[in-house]
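Chemist: After the C-alpha cells below, expect a handful of questions from me.
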Ligand SMILES: [Zn+2]
C-alpha cells in the first residue's frame, strides 16, 4: 500500500511538472493502453489484448512527429491499473483528448472491424463523436479492417473523464483476419500512424 501511495505522489508531481511546462498551443493527447498486469483483457490463441494495446500506445508516442501534439502514455509498461486510478490521472492531467485502446472479442468469429464508444454525456459529446469517427475512417482507410460505428456506452472512464474521450476497439481478436493484422508489426504500425494522422 505504501509503495502505491508513493507511486501516486510521484505520479502527481510528474503530472504537475508536465502541466507547468506545457506550451499553451500544444495539444496533449493521453493514450490509455487498456488492461495491463494481471488483467490481460481478451486472450485468444496466445495473443493478449494488454500486450497489443501497449505496443500500439508505444508506437503512437514513438512515431509522433507533430510538434503541436504531445503524446502522453497513461500506462508505460505492463502494470495493473484500475479504472478509478486511470480516471484520476486523466482528470489531473486534463488532456485535450483521451484515446483508450482496446481489442474486441466475440463468440461469433465473423464479427470484425474497428469501432468506438463515447459517453452519452452532453459535455464533449459532439467533439468526441467527431474525433472517433475520424479515427475509425483513417484506420480503416488501408482496407485491412472493416468499419464499425461510434456508439454510446456507460463505461466508468467515459462517464467520469472531464475531457473529450473515446474508447477505441481496434479490431476483433476472435476474428482471423483482424487478429492477423492487429498482432502484426505492420498492422500495429499502420494503426498508430493512422491515429496520429487523425489528430492533425
Ligand atoms: Zn479491453
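Residue numbers (the numbering used here): -10 to 189.
Using N, Cα and C, we set each Cβ at its ideal position, and we do this for glycine too.
All of these numbers come straight from a predicted model, not from anything done at the bench.
Ligand 1 and residue 66: does the residue's C-beta get closer than 7 Å to at least one heavy atom of that ligand?
Modeler: no
Chemist: For residue 142, is the classification buried or exposed, using 16 other Cβ atoms within 10 angstroms of its Cβ as the cut-off for buried?
Modeler: Burial check for residue 142: the Cβ neighbour count within 10 Å stays below 16, so the residue is exposed.
Chemist: Residues in the same chain with beta-carbon distance under 6 Å from residue 140, minus the five sequence neighbours each way, listed in chain order, please.
Modeler: 106
Chemist: Determine contact between the segment 157 to 171 and the segment 94 to 102, defined as no fewer than three beta-carbon pairs at a distance below 8 Å.
Modeler: yes
Chemist: Considering only residues of the same chain and omitting the five flanking positions on each side of residue 148, which have a CB-CB separation below 8 Å?
Modeler: 108 and 110
Chemist: Rounded C-beta distance between residue 42 and residue 90? I'm assuming under 8 Å.
Modeler: 4 Å
Chemist: Which residues does DSSP list as the beta-bridge partners of residue 195?
Modeler: With the chain covering -10 to 189 only, the question about residue 195 has no answer from this structure.
Chemist: What residues in its chain sit with their C-beta under 7 Å from that of residue 182, if we drop five residues either side in the sequence?
Modeler: Counting only Cβ-Cβ distances below 7 Å, and skipping sequence neighbours, we find 52.
Chemist: Residue 49 and residue 185 look like a contact to me (Cβ under 8 Å); what is the Cβ gap, rounded to whole Å?
Modeler: 6 Å
Chemist: What are the boundary residues of the alpha helix (DSSP H) that residue 52 is part of?
Modeler: 38 to 52
Chemist: Less than 7 Å between C-beta atoms, sequence neighbours within five positions excluded: which residues of the same chain meet that for residue 136?
Modeler: 102, 103, 125 and 129
Chemist: Given a threshold of 16 other Cβ atoms within 10 Å of its Cβ, counted over all protein chains shown, does residue 174 qualify as buried or as exposed?
Modeler: Residue 174 is exposed by the Cβ-count criterion.
Chemist: Quick one: what does DSSP say residue 75 is sitting in, helix, strand or coil?
Modeler: helix
Chemist: Could you tell me whether any non-hydrogen atom of ligand 1 is closer than 7 Å to the CB of residue 23?
Modeler: yes
Chemist: Quick one: does the C-beta of residue 38 sit closer than 7 Å to a heavy atom of ligand 1?
Modeler: yes
Chemist: Using only the heavy atoms of ligand 1, determine whether one of them is closer than 7 Å to the beta carbon of residue 132.
Modeler: no
Chemist: List in chain order: all unbroken beta strand (DSSP E) runs of 3+ residues lying wholly within the segment 110 to 185.
Modeler: For the segment 110 to 185, whole beta strand (DSSP E) runs of length 3 or above, ordered along the chain, are 136 to 141 and 154 to 161.
Chemist: Under the three-state reduction of DSSP, which class applies to residue 19: helix, strand or coil?
Modeler: Correct three-state label for residue 19: strand.
Chemist: Can you find the residues in the same chain that come closer than 8 Å, C-beta to C-beta, to residue 178, ignoring five residues on each side of it along the sequence?
Modeler: 48 and 52
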